[in-house]
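Undergrad: Protein chains in written order, with the working numbering: chain A, 1 to 101; chain B, 102 to 626; chain C, 627 to 1291; chain D, 1292 to 1457; chain E, 1458 to 1975.
This is the structure, below, for whatever I ask next.
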């Protein structure tokens, strides 16, 4: 049978949700980062799904752009992670809580 | 088909971008002795960009949809662009000497700052969600780096980390929202058989979205997308409950960066936020679906509630702060709330003229906020000395007459933030509140002014500490670097000028876009 | 008719006051100061007499002399000029005020000799003359009120003349505040008058521009109020009259506002003589007579006036029996005599009241000055118990006071006899009070008797018997002529002064000058419109009988007093009388303390600080607490922040989804 | 399969394993893209994501040689159930929304079209979406600078080749 | 002369700037600042006397008008002008200012530059309040006057100065912010901030009752707090007590008048109907304030607090007169504003003098001062008497007119009850004032410290004389003032009473002349 559009949407939504949950649950910075990547991918799936069901190129281009953005974020994010790891020998985000209240 | 290229349309962005690249190169291939060049070059770039911007304004061509309508040319864009340029210029002046003192790579700082500026400008000028998203990302990534710029400082690291995680988290939401809108705005043209014969694909062009919401294929997705975009933008402009990152990040980031973040990205956020929601999801009277009207009504009322939350939270929590930077962070949240009041009015307005007025009010408000905020942070930076050490209220005790220039200018900024007459803040407040009253949001405005009264408490607290108390510990007046002095003078004069003779600036900001946007929507109906 | 001389009468003393204050304080020359003070008063005296008695003087013509000086208050339809008017009533008053005032000034020059604040004393005294004459000669209520408050101020200053004596200060304060309570009524009376009549002036004043309808002429044409309690609050003539009477009671020391007068004796004796015997305290009587038009239209008010007057007369007389301070005795007798005058007003015998005012001015001034002379001679000893047998030390004083004694006791041919007898007779024959008139007469008669008794006591204790002071320290001596001459003059007046008012009944001839003079100026009781002479002829016998009765009463009083005190001067008097019925203590406990404590503890500490400020602070603290709580959102943990953001996002999405779901139920 | 891997990403305690399972997610998504007639995107997905980015991530993990999350005093325990609950709510809402998509008129399935092909994407990229493309380059350039700035200690090498990798 | 008002506003400000510039001149001496300030303020006073030209003759309309565009895009104009009502308040301000500066001649040694600069800025703001005919402009000055006073109290005040300063600022700010909302709302209803235009527009198309009530409330709250009307008065005792002498003088003399002036100029004129609807509660509050203030003043241990509370009582009279809606009452109210400025200003000066000598204000510390300082005692008594309301001193005229106006008013039923209660305030005034005088001036000199106090010096006498002269003159010949203010006040009264449904209106005195009021 034909896969329905809503299936893909549902799948991406589930992935997105998992990503968000991961961001909240994981304590390792890198893991959180990966969860965010997961969220982005979920969005990509949505785009592609729409695009293909509309026979439209916009969505796929969007995905293309999103990938580059993700790459950029990856670079910078990992840079930040390295920097913070240098100053305090841990990646546990809960340790990074001197700024509060 | 060939790309429709119209360089003049994006001249400012291109100029700033070029300046950034040049700065980078100079930085790479220059001896440390000539570091100051980078500052000069970037400043020049900003100025030229401003000139270009003004030229664009002068020969105000109607919004040419070059780049396939991805860039608009209207007062909203240009006005905000000028604000961004101003903010960046002031931040540059603040940062040059500071970077030297902190042994930080000034060149990279400047180029990143310029890139961030480009991002902001794109956010203001983009008429397509793609551009908006890209601009936002550029801005965000640049500011992540800037926030963590003092690499060796734990607080700086932490603030950049928090900003990075939460920022990308929320931008994922924004992206999801865009995706849903893209999908939702597709139109199914029904053939004779009643089943969809073919589908007009969805769009990410804001104007087109506006024209389509009435007959969108998946209204529910449209709503969900709107909500998610609200999250993304709300994060950028720090409205409750998405303000949560602000205090920590502002406190941890280096002071000039904080000044920049509180003034620039907030304004940029408002720019694109308003463009997307006011022009993208306007009030549309259409028989076809009642949902469109109620969508508009939904996001407007939601924003109203958020505005109340934001103002109240910001002011109330600011009262109990003891760190000046953190206090200013909360106050910036509160000010986002005030600006939201104007935004709500703009959204609620169905009459183009009143909508223009409201948008102008918000623009003007953000301008005034940028000026007085950067001024305040300039003083904070001077008093904090290197490494942002002295930022607690106690450090200000009794300095009033020890270094009167700093103290009085800081008091001026505080009073302006408080919204006392004869200062910029006053005019800004009455403009946004006026717009809201015009739309009948009396409750909103009353809550706003009561919040102002509350805010008096902590703004005055700083003045009181400086003037009414006697200093216990020793205090040697810090020397004010020339560039910072220039910033101070500019901001002080700006606050007074905008407070006493704001007429010309306001007139310049008068937006007349919507009229033609409305015609656009009519034609596409 | 217009004349600017009137203004001289009032401004001469003012000028004297100014000169003494500015110049006198520099050159502390008593000769100069005394000359200026007495001279200024003499000038106004002469002018007053000239204006009264010249060919078409105030006392000879019907219409008053007017002097419009400037328009003081003029807003909308309210107009109060600074304008003087001298008609028969005010003329009569002005005459004896200026004359007695002059005498007292002269006396004071001697009495105050060597005082540090000599100049101050005399400028106050002149200022008082100015105020008193303004009060009397005012042509409208408001200006009258100016003088009214002015005399109050001067009495305040003069009572408190010895600034470093605490009791003097307290007495002064008490006097001013008690008067203020009266003035409250007076002001409201004026306002109500204006409210009803739209005018506050006594006389139609051509010089003031439009000839307005005057306050009094309005009432002349109005109907008489019913004789009911309700009339008091009806806002008509009765209300006005009652309010005005409150003012009069305050100024003339009637129950319940009399308490200030005895304390006022803390001032120098000439002050007591001038202000608290002769002139100021009779201002209340003057005001009522001036407004007789209003009172005769308010029977209820008249009744109240009569009651209060009679009560005060008796009450004060009883207290007077038991005082040991010579001036206190005189003070209470003054209150008592004032009560007489109000009694007269209450029964509509306005002329009799004025008549008594005049005679009382003479003999009471005489007595006060005499006592002053005694005190002067005794080195400022005021307690009679430490005097005695003074008549051989200071004969002139003794002789003159002897006259005064007889006069006040109502011994025939002396001034007091005629006026008092007139009042008693008018009370007896008061129209419209029926049998109650007899009761009032009884009270009056009793008072007369008591008066004779306590005056006798005073004289006996002071002048007869053996001396109760050690002449080692105190050498009583006769006073200088500057003091004795006024005494003599006043003694003569107290003797013959009564003949201006000899009633028809005694000498079957109509020689009652005072009555003829004042008749046009005062209102007649609406009841008795028929000419009085006829029924006077009718009652001749009755009147003569009553006169005889009062003579007997006076002689009895003298006799009893003589018998009681000649032998035992220090006879103990009932303590309740000696302590003035504890009225001051009662006031203190029931009114003053509660108000003071209530305002301090209740209003200020509890309400102001506790309630108002407390609630405000509570509000502020609440906001701060809210902030304290809300800041805990910022726990500092990124994951928590992310969770918060997610919650917000979910709320938003849920909201939008709910609104956006097209087929939502 | 995608969901499974995704869950694994969250569940794994050792970041290395979750990274690997993330790669799994990417691969499976790529397959879906192919099904959705977007071969180019699929390819890029595999190359850029599964290739470059993840390699970079793994590299960093190695570099900082973090083992599984250290067992420190675990804070914010409540967040785990909270997150799960929130996730549940989110799923619910999404479902709620998607129902409407179901009810909307059926769209013709993804019949094969040429939009997914490299050529068409390329043409669009250089005509209609020229500007975004340029902007993307700026973005990357800036990312390089930023990464350098942050990560270098003195003039470290790996920060530079990080830049090259993207 | 043109631009007279602008000159008046800018002159003191320019003086302040001059001081700041002089600060950088090499041979600067601290005692020069007060001279600059004195010269500037005296000059301002002299210039302000020009306002008297043609006053009152021209009826109710505004004179010396200046009307130029200020912020066109938000409709705010720079519109100045004076009428009979505001002119006197301007003159009062400019008169009190030099006196205030003289009074701090020796008292203020700490930071003279800032002190006098703030005073001058304050004067500019106060003049601006009274002459601005644009609502936004008015609000601007109204708020701006807070800041200098805030600094004056906070820097040069007494022990609890910080508390007092914050209380003063926030208390008054809350009210005025709500007024701002009202102003903006008016703007969007009638599309103008311009006062005369607004009057016309309101006459043409009146507000809806509810809207009028709300706007009335928004304005009234701000002014009530400023007046201060009971129960919004608690900021006043603290502010007065903690402020430096000059500050108290200005605060009592001018700042409080902003409130009553605002009531007269805006509440009554703009919202006549609401004014009538709310007359009763407001009058009740005023009467409570009169008696309450007096009673609390009576028991104050601190002279300055006593005078402060007496202001509450006196300003209650003003509000009472304003809301009697009779020429008598409103004229009296205006007059009472001036009286209060003069008398209470003088009283604060006296308190300042003894504070400067003894550094305490506790009544119990004094006693018998009349012996060492006769001049002080004499003048103090005179000032107190004028505050008590002795005839032929200024206080009497105002209070008498207010009371008689109240009695003849129809703004409430049974006005005579109100009048009787209010009139007791006159008694209380005598009580607390005389009691205070008694304890401070008379009796034996108990405290040896007081025995060697020096009497007033020439400067102190000199700065008192104008006030004392005014007390006498205003009491004896008030027509000079009343006649000139009559047209303006009458015009405002007309608005209030004509807007009644019946239109025509006559004072109850005219109506009920003849038969007693039932």
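By construction, the Cβ of each residue, glycine as well, lies at the ideal position given by its N, Cα and C atoms.
(1) Based on the DSSP secondary-structure assignment, which residues constitute the bridge partners of residue 697 of chain C?
(2) Starting from residue 1885 of chain E, trace the alpha helix (DSSP H) in both directions and tell me its first and last residue.
(3) Residues of the segment 168-192 of chain B with a CB closer than 7 Å to any CB of chain A: list them in chain order, please.
(4) What does residue 1788 of chain E reach in chain C if we use C-beta pairs closer than 7 Å?
(5) Closer than 6 Å by C-beta to residue 735 of chain C: which residues in its own chain qualify, once you throw out the five before and the five after it? Chain order, please.
(6) Do the segment 809-817 of chain C and the segment 869-876 of chain C make contact, defined as three or more Cβ pairs closer than 8 Å?
(7) In chain D, what lies closer than 8 Å to residue 1280 of chain C by C-beta?
(8) Buried or exposed for residue 971 of chain C, please, with buried defined as at least 16 other CB atoms from any protein chain shown within 10 angstroms of its CB.
(9) With burial defined as no fewer than 16 other Cβ atoms inside 10 Å of the residue's Cβ, what is the status of residue 1255 of chain C: buried or exposed?
(10) Within the continuous beta strand (DSSP E) that includes residue 1533 of chain E, where are the two ends?
(11) Under 8 Å, do residue 285 of chain B and residue 264 of chain B count as touching if we go by C-beta distance?
(12) For residue 1871 of chain E, count the other beta carbons within 10 Å of its own beta carbon; 16 or more makes it buried, fewer makes it exposed. Which is it?
(13) Tell me residue 1919 of chain E's beta-bridge partners as DSSP assigns them.
(14) Using only the alpha-carbon positions, how far apart do residue 648 of chain C and residue 654 of chain C sit?
(15) Using a Cβ-Cβ distance under 8 Å, would residue 355 of chain B count as near chain D?
(16) From C:697, C:1116, C:644, C:968, pick the residue whose C-alpha is nearest to that of residue 874 of chain C; which is it?
(17) Out of curiosity, what's the CA-to-CA distance linking residue 1572 of chain E and residue 1840 of chain E?
(18) Answer yes or no: do residue 206 of chain B and residue 153 of chain B have a C-beta to C-beta separation smaller than 8 Å?
(19) For a cutoff of 8 Å on Cβ pairs, would you count residue 80 of chain A as touching chain B?
(20) For the candidate residues E:1649, E:1598, E:1928, whose alpha-carbon lies nearest to that of residue 1799 of chain E?
(21) From the DSSP output, read off the bridge partner residues of residue 300 of chain B.
(22) Is there at least one Cβ from chain B nearer than 8 Å to residue 11 of chain A's Cβ?
(23) Going by DSSP, what residue range makes up the beta strand (DSSP E) through residue 1520 of chain E?
(24) For the structure I just gave you, are there three or more beta carbon pairs, one from the segment 521-541 of chain B and one from the segment 1584-1597 of chain E, closer than 8 Å?
(25) Could you give the DSSP three-state label for residue 229 of chain B: helix, strand or coil?
(26) Just to confirm the assignment, what range does the alpha helix (DSSP H) spanning residue 171 of chain B have?
(27) When the Cα atoms are used, what is the spatial distance from residue 798 of chain C to residue 778 of chain C?
(28) Report the option in B:323, B:189, B:241, B:411 whose CA atom is closest to the CA atom of residue 431 of chain B.
(29) Examine chain E for any beta-carbon lying closer than 8 Å to the beta-carbon of residue 1123 of chain C, and answer yes or no.
TA: Inspection of the coordinates gives the following:
(1) Within the third chain, residue 697 of chain C is the residue found at index 71, counting from 1. Answer is C:707, bridged to residue 697 of chain C.
(2) By 1-based counting over the fifth chain, the position of residue 1885 of chain E is 428. 1872-1898 is the span of the alpha helix (DSSP H), which, as asked, contains residue 1885 of chain E.
(3) none
(4) Mapped onto the fifth chain, residue 1788 of chain E falls at position 331. In chain order: 701.
(5) In the third chain, counting from the first residue as 1, residue 735 of chain C sits at position 109. Around residue 735 of chain C: 660, 1108.
(6) Short answer: they touch.
(7) Here the question's residue 1280 of chain C lines up with position 654 in the third chain. When 8 Å is used as the limit between beta carbons, residue 1280 of chain C is near these residues of chain D: 1380, 1384, in chain order.
(8) Within the third chain, the letter at position 345 stands for residue 971 of chain C. Burial check for residue 971 of chain C: the Cβ neighbour count within 10 Å reaches 16 or more, so the residue is buried.
(9) Residue mapping note: residue 1255 of chain C aligns to position 629 of the third chain, counting from 1. By the neighbour-count rule (16 or more Cβ atoms within 10 Å), residue 1255 of chain C is not buried but exposed.
(10) Counting from one through the fifth chain, the residue named residue 1533 of chain E turns up at place 76. Run containing residue 1533 of chain E: 1533-1539, per the beta strand (DSSP E) assignment.
(11) The residue you call residue 285 of chain B lines up with position 184 of the second chain. The residue you call residue 264 of chain B lines up with position 163 of the second chain. Result no, Cβ atoms of residue 285 of chain B and residue 264 of chain B do not sit closer than 8 Å.
(12) As a first step, residue 1871 of chain E must be located in the fifth chain, where it is residue number 414. Result: exposed.
(13) As a position in the fifth chain, residue 1919 of chain E is number 462, starting the count at 1. DSSP output for residue 1919 of chain E lists no bridge partner at all.
(14) In the third chain, residue 648 of chain C corresponds to position 22, counting from 1. In the third chain, residue 654 of chain C corresponds to position 28, counting from 1. Straight-line Cα distance between these residues: approximately 11 Å.
(15) For the purposes of this step, residue 355 of chain B is taken as the residue at position 254 of the second chain. No, no contact with chain D.
(16) Sequence index remark: in the third chain, residue 874 of chain C carries index 248 (1-based). If we check each option's Cα against that of residue 874 of chain C, C:968 comes out closest.
(17) Translated into positions along the fifth chain, residue 1572 of chain E becomes position 115. Translated into positions along the fifth chain, residue 1840 of chain E becomes position 383. In a straight line, the C-alpha of residue 1572 of chain E is about 27 Å away from that of residue 1840 of chain E.
(18) On the second chain, residue 206 of chain B is found 105 positions in, with the first residue counted as 1. On the second chain, residue 153 of chain B is found 52 positions in, with the first residue counted as 1. No, Cβ-Cβ distance for residue 206 of chain B and residue 153 of chain B is not below 8 Å.
(19) Along the first chain, read from residue 1 onward, the residue named residue 80 of chain A stands at position 80. Yes, because at least one Cβ of chain B sits closer than 8 Å to the Cβ of residue 80 of chain A.
(20) Here residue 1799 of chain E is taken as the residue at index 342 of the fifth chain, counted from 1. Comparing Cα positions, the closest option is E:1928.
(21) Working through the second chain from its first residue, we reach residue 300 of chain B at position 199. Partner(s): B:289.
(22) Locating residue 11 of chain A in the first chain gives position 11, where the first residue counts as 1. Residue-level contact by beta carbon fails for residue 11 of chain A and chain B, as no gap is shorter than 8 Å.
(23) Taking the first residue of the fifth chain as position 1, residue 1520 of chain E is located at position 63. For residue 1520 of chain E, the enclosing beta strand (DSSP E) covers residues 1520-1528.
(24) yes
(25) Within the second chain, residue 229 of chain B is the residue found at index 128, counting from 1. Looking at residue 229 of chain B - three-state DSSP - the assignment turns out to be strand.
(26) Mapped onto the second chain, residue 171 of chain B falls at position 70. No alpha helix (DSSP H) holds residue 171 of chain B; DSSP gives it neither H nor E.
(27) Position 172 of the third chain, counted from the first residue, corresponds to residue 798 of chain C. Position 152 of the third chain, counted from the first residue, corresponds to residue 778 of chain C. Straight-line Cα distance between these residues: approximately 10 Å.
(28) Taking the second chain and counting its residues from 1, one reaches residue 431 of chain B at position 330. Taking only the C-alpha atoms, the option nearest residue 431 of chain B is B:411.
(29) Counting from one through the third chain, the residue named residue 1123 of chain C turns up at place 497. False, the Cβ-Cβ gap to chain E never drops below 8 Å.
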